[in-house]
Structure formats: structure tokens, C-alpha cells
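Quick note on the numbering used here: the sequence shown kicks off at 5 and runs consecutively. For every residue, glycine included, the Cβ atom is placed at its ideal position computed from N, Cα and C. Below: one structure, written as C-alpha cells.
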Amino acid sequence: MPAETLDGERRVALTPAVVAAIEKLGASVLVESGAGVASGFTDAAYEEKGARIGTRDEVLAAPVVACVRVLGGDPASPDLAKMHAGQVVVGMAAPFAAPAVSAALAEKGVTLHSLELVPRTTRAQSMDVLSSQANISGFKAVIMAATALPKVFPLMTTAAGTMAPARVFIVGAGVAGLSAIATARRLGAVVEAYDVRAAAKEEVKSLGAKFVEFDLDTGQGEGGGSGAYATKMTDEQIAKQRELMTKVVARSDVVITTAQVQGATAPVLVTEDMVRAMAPGSVVVDLAAEQGGNVEPSRPGETVDIDGVSVIGPVNVPSQAPNHASLMYGKNVANFLALIVSGGAVAPDPDDDIVNQSMVSKDGRIVNDRVQAALGAEEGVTS
Numbered sequence: 005m006p007a008e009t010l011d012g013e014r015r016v017a018l019t020p021a022v023v024a025a026i027e028k029l030g031a032s033v034l035v036e037s038g039a040g041v042a043s044g045f046t047d048a049a050y051e052e053k054g055a056r057i058g059t060r061d062e063v064l065a066a067p068v069v070a071c072v073r074v075l076g077g078d079p080a081s082p083d084l085a086k087m088h089a090g091q092v093v094v095g096m097a098a099p100f101a102a103p104a105v106s107a108a109l110a111e112k113g114v115t116l117h118s119l120e121l122v123p124r125t126t127r128a129q130s131m132d133v134l135s136s137q138a139n140i141s142g143f144k145a146v147i148m149a150a151t152a153l154p155k156v157f158p159l160m161t162t163a164a165g166t167m168a169p170a171r172v173f174i175v176g177a178g179v180a181g182l183s184a185i186a187t188a189r190r191l192g193a194v195v196e197a198y199d200v201r202a203a204a205k206e207e208v209k210s211l212g213a214k215f216v217e218f219d220l221d222t223g224q225g226e227g228g229g230s231g232a233y234a235t236k237m238t239d240e241q242i243a244k245q246r247e248l249m250t251k252v253v254a255r256s257d258v259v260i261t262t263a264q265v266q267g268a269t270a271p272v273l274v275t276e277d278m279v280r281a282m283a284p285g286s287v288v289v290d291l292a293a294e295q296g297g298n299v300e301p302s303r304p305g306e307t308v309d310i311d312g313v314s315v316i317g318p319v320n321v322p323s324q325a326p327n328h329a330s331l332m333y334g335k336n337v338a339n340f341l342a343l344i345v346s347g348g349a350v351a352p353d354p355d356d357d358i359v360n361q362s363m364v365s366k367d368g369r370i371v372n373d374r375v376q377a378a379l380g381a382e383e384g385v386t387s
């Protein structure tokens, strides 16, 4: 496990808690010195569990390299020169948004498993990094909003008067959205939520929030979408959704948007006009800012003021809670490694759907059709 190189990335791919599980596979764990410090894991903590501490060169030469952000998201990373054909890399590679990273590893002859591509099946739940990290994102989004809002969240009755609870509207009731709902409710807010998937209604209500229903055919009823993910809607459906959502947004103190679609730009659900209809002092947190944004005026890594409304576009939100985010991510990675390592050797089952669907490159070529298509589109734009 190497230290992460992407600016602001404080997570690590493995924690001391999973070293023993990996050793049971017949493997040894080599950790770059200082890799876990930013997330609260010292070299001594790894050594106490049986891991060995080494240099970056030693780590990057290992048969299997586990990381959070593959090559730090940089296809020209100097780390590439230290890697070798036949090596296996496991981590998040943003294969659709940044396919050049996958292409660089393929050219080097590296076998890449991008954990974002782990299928959403019951068997794969323990390896689902998108879900584990989305839990952190939903929680942190509410904390950001509560900090920026010039009000308190809960109902307060005092000798000086009664303060009404904050009204929070969560758009998207996937993993991040449900985490945000639960957190906002714990803080005492009145919470409303909406999702294009009708199946999300019962989950929203079970957390004590009101499910906002619109007369809108999204094509994603009880069987629509994919687990905690929605499928892409048409421009007409999105326009109608915005129209129906405007009144709910206007009456909210806080709006948190979480709608993302794998392999596509995030849909714009909240327009600038909708933001301007909110009361001054209100807060919008766009968890999809890095993917293009659900909120028209949001900017990745910035807080934009729109007529007194703060529009926050956070980036790499799980890294703001690196200890717990790493504990969950590390467990996901360890569970995945159990599929490809056996008896101290890399020996994946060629018929395993999780292994196959997460594999992006092997034997010097891209083996995932969607990533190949993304590369072709990228090359077309470049030319």
C-alpha cells in the first residue's frame, strides 16, 4: 500500500485492522512509511498487526498494489515508471471520467481492477466502495450545511422564545441521501426527500422523513434504477422534475443534492433561479459538484453566494473523515483481495463476476467495453 499523492487525499487503502485478514490469504502486507498518518494510522500500528514498513519504490514493485486513487488520478504520474507488467492494481481509477489513467496502466501491462465497477449485487456488497464512501459523504454534507446555516437545526423552546426547526430537503435517496436524511433527523431538522425511484419511498419514511411525491413518470418505478443508483432520465423528464421541485426548494433552509449516475455527467436538478427563490442565509450542498453538479451555480471546491444563499460544491468529501472512511474502504479492499489472492499467489477465479466486471485492463489492453468507449470519446474530443 503506497501513500496517496492526490492533493487533499487523506485516506489510505488498507488499515491495520485488515492486515491479519490479508495474511490469512498467504500474503504479506508492505506499507509505505508514513502512508497512514493523515488518517490516524501510524507505522507502528501497522507493524503491531504484522505489516512491514518500506519505501515507495518497494511498495510499487509489489505483485499487488492497493490504493485509493490509482496513480493519484494522473496518467503521467512518475509512479508509472516503477510499475511492471503482470502486476495487479486495485483501487478507484475513475475509469469513465479519466480513462487515460486506465490506458496508461494497460500500456504498461498492468492488470487494473477499478473498484467503482464492482457490481451492485448482494454478494458484492462488502466490496462496494461507492456505497461505503457515500455513507461518509451524506453525513458530512449535513455537517457542512449545519455549520454554514445561520440557524440551528432542532426545535428549541427557551425563555427567550421558540425557534422553529430547520427545513432540510434531500434530493436523491441513494446511500449518500439516506445517510444525509438520518444525520439531519438526528440533529432535529424537519426533513423532506425526493428520489426518482419510487422504491426509495419506504426507506425515506423509515428514517422519519417525508417523501415528496411529484406527478412525474421517471420510468424508474419499483424495478427502475439499479439498487442505490438511478438511471439517466431524458431532458424532458429533468425539466418537469425541476418545475415540480421549485416550491419545495424555495421553502427549505437547506438543500442537499446527491443525484449521480455512473458513467455520466450529473443531471442539473436545481437551477440558479430555484436557488434565488430561497431565503437569504439558506444553504445548498451539491455532493455531485465533482461530477458536473446537480446545482446549476455550484463550482467544485468553492462556495458560491447567490443572493445571500450559500451554494457549497465540496470535493472528495469522504477524505474529510479519513479515519472512518479508510476503515470502511480498507475492509472493502480486503474483501476484494480475497477473491484474487489465494495461497499467497494471485489466482482469481476466471468465472467470478465481481472479478470480471471490475477488471479494466489485462495483458496490455483495455478489456472493459465501456472504458474503451470512453477512451474513444476522449480521443475524439482531443482530435
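Whole angstroms are fine: how far does the CA of Ile344 sit from the CA of Leu191? 42 Å
Suppose you measure from the CA of Val16 to the CA of Val288; what does that come to, to the nearest Å? 29 Å
Assuming Gly317 is part of the alpha helix (DSSP H), what are its boundary residues? No alpha helix (DSSP H) contains Gly317, which DSSP labels as neither H nor E.
Classify Thr151 as helix, strand or coil using the three-state DSSP reduction. helix
In chain order, what residues of the same chain lie with their CB nearer than 6 Å to the CB of Val272, ignoring the 5 residues before and after it? Glu300
If you check the beta carbons only, do Ser256 and Arg189 fall under 7 Å apart? no
When you compare the CB positions of Pro154 and Ala193, do they come within less than 7 Å of one another, or not? no
Continuous alpha helix (DSSP H) stretch holding Thr250: start and end: Asp239 to Ala254
Rounded distance between the beta-carbons of Glu27 and Gly54, thought under 8 Å: 6 Å
Would you list the residues sitting across from Gly165 in a DSSP beta bridge? Thr162
Would you mind giving the Cβ-Cβ distance between Val208 and Phe215, rounded to the nearest angstrom? I have them listed as a contact below 8 Å. 4 Å
Tyr233, DSSP secondary structure in three states: Confidence in Tyr233 is poor, its pLDDT being 48 and thus under 50, which makes the residue's placement too unreliable to answer from.
Got a sec? Which residues, its chain only, sit under 8 Å from Thr386 by beta carbon, not counting five neighbours each side? At Thr386 the pLDDT is 39, less than 50, meaning the model places this residue with poor confidence and gives no usable figure here.
How do the segment 357-368 and the segment 324-336 stand: do at least 3 beta-carbon pairs fall below 8 Å, yes or no? no
Rounded to whole angstroms, how far is the Cβ of Leu29 from the Cβ of Leu341, which I believe are closer than 8 Å? 7 Å
If you run the structure through DSSP and keep just helix, strand and coil, what is Gly227? At Gly227, the pLDDT of 40 sits below 50, so the modelled position is not reliable; the number obtained from the coordinates is stated separately. The answer is coil: DSSP assigns Gly227 none of H, G, I, E or B.
Entirely enclosed beta strand (DSSP E) segments - the segment 266-333, minimum 3 residues: 287-290, 307-310 and 313-316
Taking 7 Å as the threshold (C-beta atoms), are Gly334 and Thr19 in contact? yes
Indicate the three-state DSSP secondary structure (helix, strand or coil) for Leu18 in the structure shown. coil
Tell me which residues share the same chain as Leu84 and place their Cβ nearer than 8 Å to its Cβ, disregarding the 5 neighbours each side in the sequence. Leu75, Ala108, Leu109 and Lys112
Does the beta-carbon distance from Ala186 to Leu211 come in below 7 Å? yes
Beta-carbon within less than 7 Å of Val22's beta-carbon, same chain only, minus the 5 sequence neighbours each way: which residues are those? Gly334, Lys335 and Ala338
Out of Ala24, Ser81 and Gln91, state which residue places its alpha-carbon closest to the alpha-carbon of Met363. Gln91
Pairwise C-alpha distance: Phe173 and Ala163: 29 Å
Grouping DSSP H, G and I as helix and E and B as strand, with all else coil, what is Val371? coil
What is the DSSP secondary structure of Lys366, reduced to helix, strand or coil? strand
State the beta-bridge partners of His117 as determined by DSSP. Val94 and Met363
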